[in-house]
Amino acid sequence: HQPMYNFLSNLSFSDICFSSVTIPKLLHNMQSQDPSIPYAGCLVQMYFFLFFADLESFLLVAMAYDRYVAICSPLHYATIMSPKLCVSLVVPSWVLTTLHALLHTLLMARLCFCADNKIPHFFCDMSALLKLSCSDTRVNELVIFIMGGLILVIPFLLIIMSYARIVSSILKVPSARGICKAFSTCGSHLSVVSLFYGTVIGLYLCPSADNSSVKETVMAMMYTVVTPMLNPIIYRMKT
Numbered sequence: 041h042q043p044m045y046n047f048l049s050n051l052s053f054s055d056i057c058f059s060s061v062t063i064p065k066l067l068h069n070m071q072s073q074d075p076s077i078p079y080a081g082c083l084v085q086m087y088f089f090l091f092f093a094d095l096e097s098f099l100l101v102a103m104a105y106d107r108y109v110a111i112c113s114p115l116h117y118a119t120i121m122s123p124k125l126c127v128s129l130v131v132p133s134w135v136l137t138t139l140h141a142l143l144h145t146l147l148m149a150r151l152c153f154c155a156d157n158k159i160p161h162f163f164c165d166m167s168a169l170l171k172l173s174c175s176d177t178r179v180n181e182l183v184i185f186i187m188g189g190l191i192l193v194i195p196f197l198l199i200i201m202s203y204a205r206i207v208s209s210i211l212k213v214p215s216a217r218g219i220c221k222a223f224s225t226c227g228s229h230l231s232v233v234s235l236f237y238g239t240v241i242g243l244y245l246c247p248s249a250d251n252s253s254v255k256e257t258v259m260a261m262m263y264t265v266v267t268p269m270l271n272p273i274i275y276r277m278k279t
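All residue numbers for the sequence shown refer to the working numbering, where the first residue is 41 and numbers rise by one.
The following block contains the structure:
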């Protein structure tokens, strides 16, 4: 189980940082008579928000693969999930998320913003900032769509494929109790995966969509607060 614990430690760190990027500033603004954030601070917040969101996406894929190997190839688990492979899954995730977040931050920094500088959101969200810009945002939206497909959609599809193989293996288990336990574990994890990926894909792959600010705020709260809060509970049940 050592590889799974390594993934869990990275995911727990990512969850804590992910929530810490937005929640402290949100609580401060709720108590302040003049809620605001400097432009540089807004870009920094956006960078780290994207970084930890992307990192969680990659870690969820790695953990889905770990479960796939554990259930579908239990006798070869120790050989396949070697320390070298675990490092090969985690380290590139950190590197790719760093580059992806930096790309969006630099593209955002080149835009000009007019007199209206009120962000209709509780943090410096990309879609909210694009709506405030008086520059041409087509390049930003194109990059969001293309990179979103690579960073979000493809990992989500890999998770679905992993669980499809897992379900196929579970159905071959002769014990009814074992089948129910396995399905319960997979169902809980897939619920959180669907919640995280569903809201993120809906928000960031369609930045020009006519979504109300209230709807966007609720969706953002789901994956910035609710999902990180549920992850420890779900993975504790798993272990």
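Quick reminder that beta carbons are idealized off the backbone N, C-alpha and C, glycines included.
Quick caveat: nothing in here was measured; it's all calculated off a predicted structure.
When DSSP reads this structure, S173 sits in a beta bridge with F153.
Taking every protein chain shown into account, the CB of R107 has 16 or more other CB atoms within 10 angstroms, so this residue is buried. Contact between M166 and I186 fails: their C-beta atoms lie close to 14 Å from each other, not under 8 Å. For D55, the enclosing alpha helix (DSSP H) stretches over residues 42-71.
Under the Cβ criterion (8 Å, minimum of three pairs), the region 261-271 counts as touching the region 54-73. Fully contained in the region 75-140 are the following alpha helix (DSSP H) runs of length 4 or more, in chain order: 79-112, 117-120. With contacts defined by Cβ atoms closer than 8 Å, F98 and P195 form a contacting pair. Three or more Cβ pairs drawn from the region 135-143 and the region 90-105 lie within less than 8 Å of each other, which places the two stretches in contact.
Look at the beta carbons and you see the region 228-238 not touching the region 124-141: under three pairs across the two are nearer than 8 Å.
DSSP places G188 in the uninterrupted alpha helix (DSSP H) bounded by 178-188.
DSSP places I199 within a helical segment (H, G or I) once states are collapsed to three. Straight-line spacing of the CA atoms in V109 and D94 works out to 23 Å. Counting C-beta atoms within 10 angstroms of its own C-beta, V233 has 16 or more neighbours from the protein chains shown and is therefore classed as buried. Its Cα nearest to that of S59, the residue F163 stands out among I191, V193, F163, I206. Closest option to T138, judged by alpha-carbon separation, among E96, H68, N157: E96.
With 16 or more other Cβ atoms inside 10 Å of its own Cβ, I199 counts as buried. Straight-line spacing of the CA atoms in E181 and L51 works out to 28 Å.
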